[in-house]
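Reviewing the structure listed below.
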Amino acid sequence: MRTAGLVAGFCLAVAATVVVFITEDPRVLRLAVGAAAWAFVLAALVRSRSTADVSLPAREQLAAAEREAELRLAHELELGREAAARREHELRVDDLRRTAEPSMRAELEALRTELAQVTGLRREMSQVAELRGELAGLAELRRELAGLAELRTTLAELRTDVGRLRSELTEQLSGEMLVERVMLRTQTTRTAPVAPEPAAPHTVEADGSDRPASELTAARPAVRVDEPAPGTRRPEEVRVEPQRPVAPPPPRDWPARRSLLDAAPPPHAEPDPPRCRTDDPLAVAVPAEQLTDERPVAQWERPPVPGLAAPVPTAAALAPLEGSAPVEEESARRLAELLAEGGLTPPSGGRRRRRYREDGGSDDVLARVLGRS
1 MRTAGLVAGF CLAVAATVVV FITEDPRVLR LAVGAAAWAF VLAALVRSRS
51 TADVSLPARE QLAAAEREAE LRLAHELELG REAAARREHE LRVDDLRRTA
101 EPSMRAELEA LRTELAQVTG LRREMSQVAE LRGELAGLAE LRRELAGLAE
151 LRTTLAELRT DVGRLRSELT EQLSGEMLVE RVMLRTQTTR TAPVAPEPAA
201 PHTVEADGSD RPASELTAAR PAVRVDEPAP GTRRPEEVRV EPQRPVAPPP
251 PRDWPARRSL LDAAPPPHAE PDPPRCRTDD PLAVAVPAEQ LTDERPVAQW
301 ERPPVPGLAA PVPTAAALAP LEGSAPVEEE SARRLAELLA EGGLTPPSGG
351 RRRRRYREDG GSDDVLARVL GRS
C-alpha cells in the first residue's frame, strides 16, 4: 500500500511536470497542476501512515542512522576542510620557501664569511698567546741583561779591586825588596875593609847573565876579586874601538848587486847596553869586568902585566860573605812567599841589574857608600 501510493504519486508528479513543459493549453496545465497536487497528497498520506506504523525502536534506529549520517557528513566535510587547509598551508609554505630561499642563502653566505672571520680571529688569538709567551721571554731576557749589566759592574769593581790590590802589593813588594836589598848590601859591606878606590870596581861575572839578580833570588853577592892590594898600582885599561856597522845599500840597488839566489846577509848585531851612564856606548865589554850573581869557586886568571902582580882577594873580604848565608836564605824564602801570594814572577837578573845601572850607576856604589858611612 505504501509502495503503491508512492509509485502513484511519483507517476502523477512526473506526468504533471511533462505536461507543464510540453503543452500550452490552460486546461491541460490545470489538470497537470491538479495531478501534482494529488501526488503530493498521496506522498503525505503514505508518509503519515508509515510513520504511524513504525515502532519506537525503529524510530530510534532511524534517528541514530540519521544522526550517524549527519556526523559522517560533518566528518567528511571536516576532512575536506582539513585537506583544503593542508593544501593551502603547503602552498603558503612553498611560497614562503621560494621567497625566503634567496634571503636564507644570503644570510648563510654572510654567516660563512663571519665564521671565516671568527676562525681568523681565533688564529690571531693563538698568535697573541704566542706573542705573550715571546713577551714573557723578552721580559726574562731583559732580566738576564740586567743581571749581565750587574755582572759587568761587579766585574769592573773586581777589576778595580784587583788593580788596586796589585798596585798595593807591587808597592809593598818593591818597598820590602828595597829594604832587603839595602840590608843585604849593608851586611855584606859592613865588615869589608875600607880602601880608596880611584876608579869603578871590577867584578867577575859568571856565565849566564840572564839569571835572576841576588836581590830577588837571595844568591851570594858579587865578589870583587880584582881589588888592588895596598901599595900596588892599577894598570891602565886599553879600550878597543869596535868597527861600526856599514849601512846597507838602498833597495833600489839590490837587484843590481845580488840576485835572488845569493845568500842572505848576516843579521846586524846590536851593541850591548852600557853598564853605567858614564860608560862609552861603543866600548867593548870585557868579560872580567862584568857583574856576577854567584860566588865563584875559582879565580879568573888574567894575563900577566909586566911589573905588576895579579890581585888576590883577602880572607877579611871573604869572611863576611860566609856569615851572611843564613840571612840571605831567610830573605829569599820570605821573598818567594810574597811573590807566590801576589802571583808575580821575579824578573831576570840582567834586566834588574841594567835598571839599577840606569837609575844610579853600579850596585857596588851603594855598597861602598853604606860601608863608608
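Per full-length UniProt numbering, numbering through the sequence shown is continuous, rising by one, with the last residue being 373. We put the CB at the ideal spot given by N, CA and C, even for glycine.
Given this structure, state the Cα-to-Cα distance separating residue i from residue j, to the nearest angstrom.
i: S167; j: R334; result: 19 Å
i: T17; j: E90; result: 49 Å
i: C11; j: A4; result: 10 Å
i: A64; j: L73; result: 14 Å
i: T99; j: A106; result: 12 Å
i: L151; j: M177; result: 37 Å
i: E134; j: L169; result: 50 Å
i: L165; j: T154; result: 16 Å
i: E114; j: G80; result: 48 Å
i: A69; j: H75; result: 10 Å
i: L131; j: E157; result: 38 Å
i: T189; j: V179; result: 15 Å
i: A37; j: T23; result: 18 Å
i: A136; j: G163; result: 40 Å
i: L145; j: L338; result: 40 Å
i: E78; j: R92; result: 20 Å
i: S103; j: D95; result: 13 Å
i: L108; j: G120; result: 18 Å
i: A129; j: L141; result: 18 Å
i: residue 375; j: G175; result: For the chain, the structure presents residues 1 to 373; residue 375 sits outside this window and is missing.
i: L111; j: Q117; result: 10 Å
i: D161; j: R123; result: 56 Å
i: L62; j: L71; result: 14 Å
i: E330; j: V182; result: 15 Å
i: E88; j: E82; result: 10 Å
i: G147; j: R159; result: 18 Å
i: L138; j: R97; result: 58 Å
i: A149; j: R143; result: 10 Å
i: R27; j: F21; result: 14 Å
Quick check on this structure: which residue in the options has the alpha carbon closest to the alpha carbon of residue i?
i: A13; options: E76, V128 and L29; result: L29
i: A35; options: A84, L151, A15 and V93; result: A15
i: A39; options: V20, Q61, G9 and V33; result: G9
i: V19; options: V7, L6 and V33; result: V33
i: A340; options: G163, L173 and R185; result: L173
What does a CB cutoff of less than 6 Å around residue i pick up in its chain, not counting 5 residues either side in sequence?
i: E66; result: none
i: residue 379; result: This structure leaves residue 379 out entirely; the chain is present only between 1 and 373.
i: L31; result: none
i: A84; result: none
i: E101; result: none
Against chain B, with Cβ distances strictly below 8 Å, would residue i count as a contact?
i: D95; result: Going by chain labels, chain B is absent from the structure shown, which holds only one protein chain.
Please go through the same chain and pick out, in chain order, the residues whose beta-carbon is closer than 7 Å to the beta-carbon of residue i, but skip the five residues on each side of it.
i: S126; result: none
i: E171; result: none
i: P306; result: Interpretation of P306 is limited by its pLDDT of 48, a score under 50 that renders its predicted location unreliable; the figure taken from the coordinates is listed afterwards. Correct list: empty, nothing qualifies.
Under 8 Å Cβ to Cβ from residue i, same chain only, skipping five residues before and after it: list those, please.
i: L6; result: L42, A43 and V46
i: D25; result: none
i: R86; result: none
i: D207; result: Note on D207: pLDDT 43, under 50, position unreliable in the model; the coordinate value appears next. Result list for D207: empty, nothing under 8 Å.
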